[in-house]
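Step one of this worksheet: look at the structure below.
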Amino acid sequence: MTTTPPLAVSCRALVKRYDRDVVAVDGLDLEVHAGECFGLLGPNGAGKTTTVEILEGLLDPTAGEVEILGMRWSTDERALRERLGVSLQQTHLPERLSVGEVLTLFRSFFARGKDPDEVMRVVALEEKKSAWSEKLSGGQKQRLAVACALVGDPELLFLDEPTTGLDPQSRLQLWDVVESFKRGGRTVVLTTHYMDEAERLCDRVGVIDHGKLIALGSPRSLIASLGGQEVIEVTLEEGTLDEAVVSRLHGVHGVRRVADGFALAVEPLHVALPALVDHLRGASLRLKRLATRHATLEDVFVELTGRGLRD
Amino acid sequence: MTRPRSALRELTATRFRLFLREPSAVFWTFGFPIILSIALGVAFRNRPPDAVRVAIEASPDAGRTLVQLASPQVKATVEDEATARRELRTGKVVLVVVPGAPITYRYDETRPEGRLARSVVDDLLQRAAGRRDPTPVADDRVTEIGARYIDFLIPGLVGFNLMSSSMWGIGYVIVEMRTKKLIKRMLATPMRKSDFLLSFVAMRALFVLIEVPLLFGFGWLAFGLRVAGSPLLLFALSTLGALSFAGLGLLVSSRAQNTQTVGGLMNLVMMPMSICSGVFFSTANFPDGMQPFLRVLPLTALNDALRAVATEGASLQGIAFQVVTLTLWGAVSFAVALRTFRWR
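Sequence lines, in order, name chains A and B.
Just so we're aligned: the first sequence equals residues 22 to 332 in this note's numbering.
Just so we're aligned: the second sequence equals residues 415 to 758 in this note's numbering.
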């Protein structure tokens with residue numbers, strides 16, 4: 022019988038400083054519950070990879086405490102490694118090994134784990150069993166990298182930017198793999214700068230910027246914190262909106278400037294939209310473009326930092 | 415479910431697979447030394463001694479001198495003075511004979527061929543002039559297997575090959591894995607670091623079983639090479655050499671962050687030894703003062719020991735110094751490499 026600890030990952034006051042003045046992680050507190058999929062969200066250079074590599078025991082923190090599955094890297098490294106699956110941001114697996122050979126090799130490192138053939142089925146690479154990894158597409162390579170993390174049958178899976186640079190179909194395939202792992206009641210920690218990925222896969226996300234956690238919660242609750250689930254984007258022919266007036270319109274919960282106009286956080290849409298149109302007519306402002314969409318985590322990030330995720 | 419295999423075995427098998435799937439690595443390890451031994455074996459094959467090439471300076475007596483020098487040992491022509499001087503300068507002839515009284519020999523004393531030509535030509539001319547040798551002599555000409563250049567060369571090439579395949583197969587490969595983050599990826603598993611390093615050592619030891627018979631076998635087929643000593647001792651010695659260089663390979667790879675750096679370090683180790691350690695020519699060509707240093711180089715030790723066993727039939731006692739030298743190099747470099755190895 023296994024005793025599942027309540028926390029899969031916990032870290033307190035985590036700091037990673039490179040050289041003297043480069044601070045990659047700046048006092049991070051984080052808790053990931055067993056069985057949840059947790060996403061670390063943030064732009065490039067926010068400190069996501071540094072954070073997960075510390076959690077994975079591949080980097081030593083400058084300060085702070087890390088506990089994984091109730092154990093510590095300093096004392097229980099080997100036992101921990103047996104229970105963890107790790108996929109790094111970039112791994113070039115040996116080009117001239119076949120998919121089957123790579124998985125057999127990685128399986129040999131673990132005392133117990135899954136049959137390589139079974140893992141190949143999970144990541145849909147059975148047909149590529151004897152193909153050299155250099156012959157695989159980008160998506161297949163990434164699924165093989167994740168398969169290497171799954172072959173030890175881990176309780177906790179770390180994925181660092183698993184779908185960066187992949188085409189839409191490959192991303193969907195990889196999401197399927199992560200979701201099937203989640204269905205087994207296991208824990209996932211992933212980093213991403215794709216909002217749709219976080220919204221689809223993660224039970225909770227932590228938004229990181231400049232090495233600090235700036236927001237934490239479920240994707241739904243973070244979006245709700247904007248005050249509106251919908252966004253109206255407005256571009257005017259000329260002139261400008263009176264933000265103070267617009268923000269008091271019925272159903273409008275927030276106004277912010279964007280590159281070519283304004284974005285309004287609204288709810289409900291069917292109340293806010295007529296009110297806005299009436300206001301524009303009354304103020305004799307002519308519309309160049311108006312669009313509505315659901316609010317995303319991207320909006321949350323912009324709200325929090327004033328910057329886009331890929332700026 | 416198939417039974418999972420041991421990590422060490424799987425890592426070693428992986429090293430083999432990756433090597434065999436890299437045609438250039440296979441060529442440099444197996445093809446190149448054979449081509450080199452063919453080329454050098456042909457260039458330095460044992461031939462009947464060449465006739466010495468001499469010019470006779472044109473003069474009234476030149477015809478008579480030409481007749482006196484008629485011998486298979488000498489190839490002489492009559493040339494005017496300017497031509498004779500030019501041919502001597504360009505090495506077309508090694509000696510110019512100026513007939514007269516006295517007869518003058520013009521040659522470069524620092525060149526062995528020049529001195530040889532002088533003695534051959536002088537001998538013929540003195541006899542023609544009526545000299546009689548006071549003591550009768552007889553020649554017993556021998557060309558012994560074991561004393562030819564190819565007999566010297568093949569053990570040297572084996573040593574050189576053991577060095578270069580250990581350095582490339584470990585030093586270069588490890589740094590490449592480090593650059594590609596593969597070592598880091600493996601460290602994220604429960605893989606034992608010792609298994610990782612041992613797989614390289616195991617592969618080198620197994621490769622000796624292919625490399626050594628290949629070169630000696632080739633030498634035997636193509637040049638009738640014989641191994642005078644115990645083949646078993648030769649294998650054990652080669653394995654020791656391979657492991658010793660495996661330690662050096664590990665050492666050059668222990669810190670390097672990219673393949674350019676390790677390439678430079680490998681050249682730094684291998685270049686001096688490929689010249690100074692008696693691969694292609696004997697270390698005896700270097701000044702006496704350098705000999706103590708040359709003797710303790712790992713490749714010198716390996717080559718000296720291989721030659722002693724292969725050509726002189728030396729026993730383990732006979733190569734004790736070299737065995738100790740190789741063991742020390744291996745042990746020290748392993749120890750330092752393990753302490754300094756950059757895993758992440």
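All residues carry an ideal CB built from backbone N, CA and C; glycine is no exception.
Query                                                                                                                       : Result
8 Å contact criterion, which Leu509 of chain B and Val535 of chain B should meet: CB distance rounded                       : 6 Å
Extent of the continuous alpha helix (DSSP H) to which Ser537 of chain B belongs                                            : Per the sequence shown, residue 537 of chain B should be read as Asp rather than Ser. Element bounds for Asp537 of chain B: Pro526 to Ala542.
According to DSSP, residues forming a beta bridge with His54 of chain A                                                     : A:Leu28
Buried or exposed (CB count within 10 angstroms, at least 16 for buried), Phe3 of chain A                                   : Past the boundaries of the shown model lies residue 3 of chain A; chain A is included only from 22 to 332, so the question cannot be answered.
Burial state of Leu623 of chain B (16 or more Cβ within 10 Å)                                                               : exposed
Span of the beta strand (DSSP E), counted from its first residue to its last, around Ser108 of chain A                      : Leu105 to Ser108
Assigned exposure category for Gly585 of chain B - 16 Cβ within 10 Å defines buried                                         : buried
Candidates B:Ala602, B:Ala650, B:Phe755 and B:Phe707: closest to Ser661 of chain B by CA position                           : The amino acid occupying residue 661 of chain B in the given sequence is Gly; Ser does not appear at that position. Here the closest residue by C-alpha is B:Phe755.
Every unbroken beta strand (DSSP E) within the region 69-120 of chain A, with a cutoff of 3 residues, ordered by chain      : 84-89 and 105-108
Neighbour flag for Thr125 of chain A against chain B, beta carbons, 9 Å                                                     : yes
Residue-chain proximity (Ser612 of chain B, chain A), Cβ-Cβ < 9 Å                                                           : At residue 612 of chain B the sequence reads Leu, which differs from the Ser that was named. No, because no Cβ of chain A sits closer than 9 Å to the Cβ of Leu612 of chain B.
Cutoff 9 Å: Thr673 of chain B Cβ touching any chain A Cβ                                                                    : no
Residues, ordered as in the chain, of the region 595-612 of chain B that lie near chain A by beta-carbon distance below 9 Å : Lys595, Leu596, Lys598, Arg599, Met600, Leu601, Ala602, Thr603, Pro604, Met605, Arg606 and Asp609
Chain-ordered residues of the region 421-437 of chain B with a beta carbon less than 8 Å from chain A                       : Ala421, Arg423, Glu424, Leu425, Thr428, Arg431, Leu432, Arg435 and Glu436
Nearest-angstrom Cα separation, counted from Tyr519 of chain B out to Arg529 of chain B                                     : 10 Å
Neighbour-count burial assignment, Met685 of chain B, 16 or more Cβ in a 10 Å radius                                        : exposed
Cβ-based neighbour list, Ala67 of chain A, same chain, cut-off 6 Å, excluding 5 preceding and 5 following                   : Ile229 and Asp230
C-alpha gap between Thr25 of chain A and Leu90 of chain A, whole angstroms                                                  : With a pLDDT of 48 at Thr25 of chain A, under the threshold of 50, the modelled position of that residue is not reliable, and the figure given next carries that caveat. Distance between the alpha carbons of Thr25 of chain A and Leu90 of chain A is about 8 Å.
Amino acids of chain A, ordered along the chain, whose beta-carbon sits closer than 7 Å to that of Arg758 of chain B        : Leu79
For Arg417 of chain B, three-class secondary structure by DSSP                                                              : Low local confidence applies: a pLDDT of 48 at Arg417 of chain B is under 50, so the model's placement there is unreliable, and no value is given.
Beta strand (DSSP E) segment containing Tyr563 of chain B, residue limits                                                   : Per DSSP, Tyr563 of chain B belongs to no beta strand (DSSP E); it is in the alpha helix (DSSP H), Tyr563 to Ser580.
Close beta carbons around Phe130 of chain A, own chain, < 8 Å, minus the five adjacent residues each side                   : Gly173
DSSP-derived helix/strand/coil call for Arg302 of chain A                                                                   : helix
Beta carbon of Thr256 of chain A nearer than 9 Å to that of Leu301 of chain A                                               : no
Within chain B, the residues that Leu118 of chain A reaches when beta carbons sit closer than 9 Å                           : Thr428, Arg431, Leu432 and Arg435
Bounding residues of the alpha helix (DSSP H) (the contiguous stretch that carries Phe748 of chain B)                       : Ala734 to Thr754
Supposed close pair Leu720 of chain B, Ser691 of chain B - CB separation, criterion 8 Å                                     : With 8 Å as the limit, Leu720 of chain B and Ser691 of chain B do not qualify as a contact, their Cβ atoms being about 11 Å apart.
Coil, strand or helix - Ile624 of chain B by DSSP                                                                           : helix
CA-to-CA distance, Ser151 of chain A to Thr213 of chain A, given in whole angstroms                                         : 31 Å
Cross-chain neighbours of Val107 of chain A in chain B, by beta carbon under 8 Å                                            : Arg599, Ala602 and Thr603
Per-residue DSSP class, three states only, for His291 of chain A                                                            : helix
Assumed close pair Met581 of chain B, Met680 of chain B - CB separation to whole angstroms, cut-off 8 Å                     : 5 Å
Residues bridged to Lys595 of chain B [DSSP beta-bridge criterion]                                                          : In DSSP, Lys595 of chain B forms no bridge with anything.
Backbone secondary structure at Ser485 of chain B - three-state DSSP                                                        : strand
Straight-line Cα distance separating Gln671 of chain B from Arg41 of chain A                                                : 22 Å
Collapsed DSSP secondary structure at Leu454 of chain B in the structure displayed                                          : helix
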